[in-house]
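Numbering follows my numbering, in which position 78 of the sequence shown is assigned residue number 99; successive positions increment by one, without gaps.
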Amino acid sequence: MNLKLLLSLFVIGLLPFIFHNSYAQITSGGFGNSPFERDFGDVKFLDAYFGTSDEKFEVDSGSKNVPFTVIMANVGTQDITGIRGQLSLPLGFSSSDGPGSVIYADANSNSNAGENFHLTFFVDIDNDVRIQQYPGAVKVDYSRLRESGVRTSFEDFNFKVTGESVINVRALNPFLTSLKQNHIIIEISNDGTAPVSSVKIALKNTQSERASTTQSVTNVENVVILNTDWQIGDIDAKSKKLIELDVYVPTSLKGDTLRAPIEITYFNAHGDKHTISRIADFFVKGLIDLLVYNVHVIELSGTQMIIGEIINEGNEDGLFGFVTLESAENSNIKSNTQFIDEIETDAPVPFNIPIEFNGEPRYGEHDITIIVRYKDSVRDEIFLTYDKTIFVQELSNDNDNGPDFTMIIIPVILVIGMGIYMIRRRKKTAIEASN
Numbered sequence: 022m023n024l025k026l027l028l029s030l031f032v033i034g035l036l037p038f039i040f041h042n043s044y045a046q047i048t049s050g051g052f053g054n055s056p057f058e059r060d061f062g063d064v065k066f067l068d069a070y071f072g073t074s075d076e077k078f079e080v081d082s083g084s085k086n087v088p089f090t091v092i093m094a095n096v097g098t099q100d101i102t103g104i105r106g107q108l109s110l111p112l113g114f115s116s117s118d119g120p121g122s123v124i125y126a127d128a129n130s131n132s133n134a135g136e137n138f139h140l141t142f143f144v145d146i147d148n149d150v151r152i153q154q155y156p157g158a159v160k161v162d163y164s165r166l167r168e169s170g171v172r173t174s175f176e177d178f179n180f181k182v183t184g185e186s187v188i189n190v191r192a193l194n195p196f197l198t199s200l201k202q203n204h205i206i207i208e209i210s211n212d213g214t215a216p217v218s219s220v221k222i223a224l225k226n227t228q229s230e231r232a233s234t235t236q237s238v239t240n241v242e243n244v245v246i247l248n249t250d251w252q253i254g255d256i257d258a259k260s261k262k263l264i265e266l267d268v269y270v271p272t273s274l275k276g277d278t279l280r281a282p283i284e285i286t287y288f289n290a291h292g293d294k295h296t297i298s299r300i301a302d303f304f305v306k307g308l309i310d311l312l313v314y315n316v317h318v319i320e321l322s323g324t325q326m327i328i329g330e331i332i333n334e335g336n337e338d339g340l341f342g343f344v345t346l347e348s349a350e351n352s353n354i355k356s357n358t359q360f361i362d363e364i365e366t367d368a369p370v371p372f373n374i375p376i377e378f379n380g381e382p383r384y385g386e387h388d389i390t391i392i393v394r395y396k397d398s399v400r401d402e403i404f405l406t407y408d409k410t411i412f413v414q415e416l417s418n419d420n421d422n423g424p425d426f427t428m429i430i431i432p433v434i435l436v437i438g439m440g441i442y443m444i445r446r447r448k449k450t451a452i453e454a455s456n
């Protein structure tokens, strides 16, 4: 009996070890063999980042005196006070008070039970620190209200050196021309070290937007814009994206600067949404629209000349105009240039270039090119070409064989006419006297 009793007691004592994993057991943490640590305390770590309690900052290597904020929660049942933190960061990060100094921060007020509080430290970042994630630790000392003594909590965390995004806007061609449709390309560049994502571009203060506003910010509402919104996605560090639009500029803006406000919305390296404003500036030039016409050959004083006219159908004068005659392969006419000065908008500008040959004159058809060279209001040189086929005739030889009888006959006819007039005048006077 004693043996059976001992055997029964042994089996009963062995059962908890056999069925240990078959039932939920409460251990020191209160939740058994869990993959998550569930230790109870008064404060709990929430987040750590460069920035203030209101905003996260993008930081880069070499940044100095940058705020570093640790967000904690008072998860206890009592209010806490006297909160002080000490920050431990890896090599490359130091206190703004100087190398070797301890990085301290004090909370501004007490923390009520169930509320969050923050500690803001100030940190220097060395120049050789890379853009990546780093480990850190914080020690928090605090006291419970109506309780003596100091409690201490230690928390490990990870934080990021994100780099900085720098968004700039630039027009690839900052000149527009009035009285015509202009195709504009604007460059959106990220000149920083941190990428941006989900970038959206919106052109502001346009005609459609001005309908709901009461005051103009710029003069962009005076132009006609065909598209005003773009989704351009992500822009990596040191890269750029392009947006394109078509704009019609009226003549009233000639000589003025068109200021186009651009609103850029994006998410930074922290994942926070930001909206910034930039302005793209354009100078509006006048329109110089030239037409060459009525080009033909005339003979003047024994010399054949190519004459023609140039009309400017724009709203701005062309400056420092030149007309150049160039010949094609089937022609031996010499190249020649004539200065015509300003090409005004209110009247045709004539030109005349004498015909000279390289070698013996060749008569008949000649293919030529008239090149008009001028400058606009910003002193850009512009060329206009006009191709034409002319017919060069052989000069008459009347002037070489003898005197020009036309110059003799005309005075004789004038003298005869004057004599007839005088005779009739005298007869009329005599008849009147006899009466």
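Beta carbons are placed, not taken as given, at the ideal position from N, Cα and C, and that holds for glycine.
| Can you tell me whether DSSP reads glutamate 334 as helix, strand or coil? | Coil at glutamate 334, not helix or strand.
| Three or more C-beta pairs below 8 Å linking the stretch 70-79 and the stretch 189-205 | Judged by Cβ distances under 8 Å, the stretch 70-79 makes no contact with the stretch 189-205, as fewer than three pairs qualify.
| task | Using the Cα positions of arginine 171 and asparagine 95, report the straight-line distance between them to the nearest angstrom. | result | It should be pointed out that residue 171 corresponds to valine in this sequence rather than to arginine. Approximately 15 Å between the Cα atoms of the pair.
| Straight-line Cα distance separating asparagine 333 from glutamate 377 | So the two alpha carbons sit approximately 29 Å from each other.
| Helix, strand or coil for leucine 200 per DSSP? | In the structure shown, leucine 200 sits in coil (DSSP, three-state: anything other than H, G, I, E or B).
| task | Drop a sphere of 10 angstroms on the beta-carbon of histidine 8, count the other beta-carbons inside from all chains shown, and report buried for 16 or more, exposed for fewer. | result | As shown, the chain starts at 22 and ends at 456. That puts residue 8 outside it, with no answer to give.
| message | Below 8 Å, how does it come out for the stretch 158-174 and the stretch 270-277: are there three or more Cβ pairs, yes or no? | response | The stretch 158-174 is not in contact with the stretch 270-277.
| Just checking my contact of valine 159 with glycine 106 at CB under 8 Å: how many whole Å lie between their CB atoms? | Their Cβ separation, rounded to whole angstroms, is 6 Å, which keeps valine 159 and glycine 106 in contact under 8 Å.
| Alpha-carbon to alpha-carbon, lysine 225 and threonine 286 | Taking the straight line joining both Cα atoms gives about 13 Å.
| Residues in its own chain within less than 6 Å of valine 316 by CB, not counting five upstream and five downstream? | Cβ within range, chain order: Gly329, Lys409.
| field | Separation of isoleucine 297 from glutamate 76, as counted between CA atoms | value | Glutamate 76 and isoleucine 297 have their alpha carbons spaced roughly 15 Å apart.
| said: Extract the residue ranges of the beta strand (DSSP E) inside the stretch 261-328, only unbroken runs of 3 or more that lie entirely within it. | reply: The stretch 261-328 is shown to contain whole beta strand (DSSP E) runs of 3 or more residues at 278-288, 294-306, 311-321, in chain order.
| task | Please confirm if the stretch 141-153 is in contact with the stretch 108-123, defined as three or more CB-CB distances below 8 Å between the two stretches. | result | Contact between the stretch 141-153 and the stretch 108-123 is present, because at least three Cβ pairs lie under 8 Å.
| query | So leucine 6 and methionine 93 are in contact, right, with Cβ under 8 Å, and what is the actual spacing, rounded? | reply | Because the chain is modelled from 22 through 456, residue 6 falls outside the range shown and cannot be assessed.
| Residues in its own chain within less than 6 Å of valine 220 by CB, not counting five upstream and five downstream? | Once the five neighbours on either side are set aside, the close Cβ partners of valine 220 are Ile253, Ile256, Tyr287.
| CA-CA distance, alanine 134 and lysine 261? | Straight across, the Cα-Cα distance linking alanine 134 with lysine 261 is about 49 Å.
| task | Could you have a look at methionine 443 and say whether DSSP puts it in helix, strand or coil? | result | The answer is helix: DSSP assigns methionine 443 an H, G or I state.
| Neighbourhood of asparagine 373 by C-beta distance below 6 Å, restricted to the same chain and skipping five residues each side | Answer for asparagine 373: Met326, Ile328, listed in chain order.
| task | Under 6 Å Cβ to Cβ from glutamate 284, same chain only, skipping five residues before and after it: list those, please. | result | Cβ neighbours of glutamate 284 beyond the five flanking positions: Ala223, Lys225, Ser298.
| query | Starting from tyrosine 395 and walking both ways along the beta strand (DSSP E), at which residues does that stretch end? | reply | Membership of tyrosine 395 in the beta strand (DSSP E) is indicated by the continuous run 385-396.
| field | Rounded C-alpha distance that separates phenylalanine 343 from isoleucine 209 | value | Roughly 40 Å between the two C-alpha positions.
| Over what stretch of residues does the beta strand (DSSP E) that includes isoleucine 92 continue unbroken? | First-last of the beta strand (DSSP E) with isoleucine 92: 87-95.
| query | Which residues in the same chain have their Cβ closer than 7 Å to the Cβ of serine 43, if we skip the five residues on either side of it in sequence? | reply | With a pLDDT of only 38 at serine 43, under 50, the local geometry of the prediction cannot be trusted, and the value read off the model is given with reservation. Residues of the same chain with their beta carbon placed closer than 7 Å to that of serine 43 are lacking, with the five preceding and five following residues left out of the count.
| task | Would you give the residue range spanned by the beta strand (DSSP E) that valine 399 belongs to? | result | Segment: none, valine 399 is in no beta strand (DSSP E) and carries neither H nor E.
| Going by the CB atoms, is the gap between leucine 308 and leucine 200 shorter than 8 Å? | Inclusion of leucine 200 and leucine 308 in the CB contact set at 8 Å is warranted, their separation being smaller than that value.
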